[in-house]
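Working notes for the structure below.
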Amino acid sequence: MSEGLRKTGSFLPATLGSSWSADRSSSRRRPESKEHVGMATDEEPSVISSSTVGIQESKRRPNVSLMVLHGTVDGSLDDCMFGTFAGSDQAWMWRSSHINDRLDDARVLATIRKPTEKDPFRFLGIKWFAKEHPAVLSSIIQQRDFLIMEATGLTRDSKGETVGYYLMHSISLPGIIPELSDMGIVRGDVSLCFIDRQSGPGKVELFCRGYSDPRGGMMDRVSVAIASDALICAAAVVDYAYVKKLTWLMKHKGSQTTHQRQYRREAGFPRPTRCESCDKSFSKFTWTGLGSGAACQICQLVVCAKCSVGKKMTVDVSTTGSVKQCVLRFCLSCLLEAKEQSVWEMALSGVETASECSSTSGSVRVLK
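Counting from 1, one number per residue, gives the positions in the sequence shown under full-length UniProt numbering.
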């Protein structure tokens with residue numbers, strides 16, 4: 001991780017500033033996006049080259065591209081780490097379903113270090129996961145799996161600034177966790193170091209350096225494209241943190257308001273005919289599909305389409321990895337409350353998205 005912090009400092013002066021773009025060495029194409037992903041090979045030195053030989057350089061095969069991701073996302077460092085943390089099987093799959101990093105299966109095999117009061121995002125453990133390839137490639141590319149040591153948490157850099165880290169590094173446990181070659185699955189090799197820091201009010205700077213070696217003879221262009229897409233998914237962890245916050249509010253605040261709304265219905269109170277936020281008649285919003293309004297999943301106020309936002313949220317992940325997602329509606333006030341909610345209370349209480357999302361059983365509709 002210390003090597004990753006050093007690389008962060010040496011890389012930043014040469015980046016594209018606040019603009020993000022993707023650069024794949026195989027095509028030289030720079031489409032506009034939110035991330036900057038750089039590729040470097042031994043034949044093509046880049047700004048990340050260094051005389052210091054670390055673990056990544058010692059393990060990386062010469063023909064495997066070294067990747068760098070750098071950019072900023074809206075949010076706070078705590079939000080970023082809250083969305084990154086996944087200390088159980090279900091929490092990991094829940095996160096995967098939201099950031100769409102294409103995990104076919106995932107298991108936490110051993111937990112070595114758990115969160116503490118000083119660092120509620122701390123985790124050190126051994127994990128295994130199998131990747132899901134795009135459907136167009138599934139018939140021509142063998143599935144890959146990875147056995148890794150993963151670590152997350154907070155630390156301080158040489159300047160004393162708080163930074164978040166997320167490390168994954170392939171390991172080998174022969175005789176304990178065998179390779180699945182008899183099932184046609186190729187064991188890949190990965191080494192990634194993410195460093196996150198608060199770059200300003202409401203802005204988090206992301207930096208990642210590492211490589212992903214699929215092994216098994218996969219074409220370099222294909223492997224780089226798959227690895228790049230997986231890296232870019234890291235930008236979605238802040239949005240996933242908001243989903244976890246909404247789920248937490250649904251459990252701790254929504255249950256009380258649900259009982260109040262149920263009492264009003266049983267007592268014979270009529271359903272509101274006007275938006276309880278902007279006070280406009282629902283009849284004016286019939287073209288939106290929410291002519292009679294929709295109840296906010298947290299405060300239970302019946303609001304119109306203009307005063308609410310639909311969020312696609314995972315409500316169930318089975319043991320086989322199948323995911324059920326629903327669109328749930330929230331009023332703007334509750335969305336703002338969730339966004340501004342401090343994650344420390346939730347993190348210290350040992351909140352796990354997997355257990356919380358059971359409160360979303362009153363979903364609006366299931367996406368097909």
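A virtual CB, placed ideally from N, CA and C, is assigned to each residue, including glycine.
Fair warning: this is a prediction, and the values are worked out from it, not measured in the lab.
Proximity test, residue i beta-carbon vs the ligand NAP heavy atom, cut-off 7 angstroms
| i | result |
| --- | --- |
| Trp-92 | By its list of ligands, the structure shown contains no ligand whatsoever, and the ligand NAP lies outside what it can speak to. |
Buried or exposed by the 16-neighbour rule on C-beta atoms within 10 Å, applied to residue i
| i | result |
| --- | --- |
| Met-93 | buried |
| Gly-71 | buried |
| Glu-150 | buried |
| Thr-111 | exposed |
| Glu-161 | exposed |
| Asp-74 | exposed |
| residue 390 | No answer is possible for residue 390: the residues shown for the chain start at 1 and end at 368. |
| Pro-201 | exposed |
| Thr-319 | exposed |
| Arg-221 | exposed |
| Cys-307 | buried |
| Gly-175 | exposed |
Test item: CB-CB of residue i and residue j under 8 angstroms
| i | j | result |
| --- | --- | --- |
| Phe-146 | Gly-87 | no |
| Val-315 | Phe-330 | no |
| Cys-334 | Ile-298 | yes |
| Gln-341 | Lys-245 | yes |
| Ile-99 | Lys-127 | no |
| Ser-65 | Val-224 | yes |
| Val-108 | Gly-125 | yes |
| Thr-155 | Tyr-166 | no |
Residues near residue i by beta carbon distance below 7 angstroms, same chain, minus five either side
| i | result |
| --- | --- |
| Pro-272 | Gly-293, Val-302 |
| Asp-101 | Ala-230, Cys-233 |
| Arg-61 | Asp-213 |
| Gly-216 | Gln-142, Val-186 |
| Ala-338 | Tyr-242, Lys-245, Leu-246, Leu-249 |
| Ala-227 | Met-67, Ser-212 |
6 angstroms CB neighbourhood of residue i in its chain, flanking five on each side removed
| i | result |
| --- | --- |
| Glu-44 | Summary for Glu-44: the model assigns pLDDT 41, below 50, so the residue's position carries little reliability; its value from the coordinates is reported in the next sentence. So no residue of the chain qualifies. |
| Arg-274 | Ser-281 |
| Leu-348 | Pro-120 |
| Asp-104 | Ala-130, Glu-132 |
| Ala-241 | Asp-79, Phe-82, Gly-83 |
| Phe-106 | For the sequence presented, residue 106 should be read as Ala rather than Phe. The residues are Trp-92, Met-93, Phe-129. |
| Pro-115 | Arg-122 |
| Ala-295 | Val-302 |
| Leu-173 | none |
Own chain residues within Cβ distance below 8 angstroms of residue i, not counting five before or after
| i | result |
| --- | --- |
| Val-204 | Thr-72, Val-73, Asp-74, Gly-75, Ser-76, Leu-77, Asp-79, Cys-80, Asp-196, Arg-197, Gln-198, Val-238 |
DSSP bridge partner residues for residue i (one or two, in chain order)
| i | result |
| --- | --- |
| Cys-193 | Leu-167, Arg-209 |
| Lys-203 | Asp-74, Gly-200 |
| residue 371 | Residue 371 lies beyond the range of the chain shown here (1 to 368); nothing can be said about it. |
| Ala-295 | Val-302 |
| Gly-184 | Beta-bridge pairing links Gly-184 to no other residue. |
| residue 393 | Since the first and last residues shown for the chain are 1 and 368, residue 393 lies out of range. |
| Arg-274 | Ser-281 |
| Asp-89 | Per DSSP, none; premise fails for Asp-89. |
Using 8 angstroms as the threshold, is the segment 178-192 in touch with the segment 208-218, meaning 3 or more CB pairs across them? By the C-beta criterion, the segment 178-192 is judged to be in contact with the segment 208-218, since at least 3 inter-stretch pairs fall below 8 angstroms.
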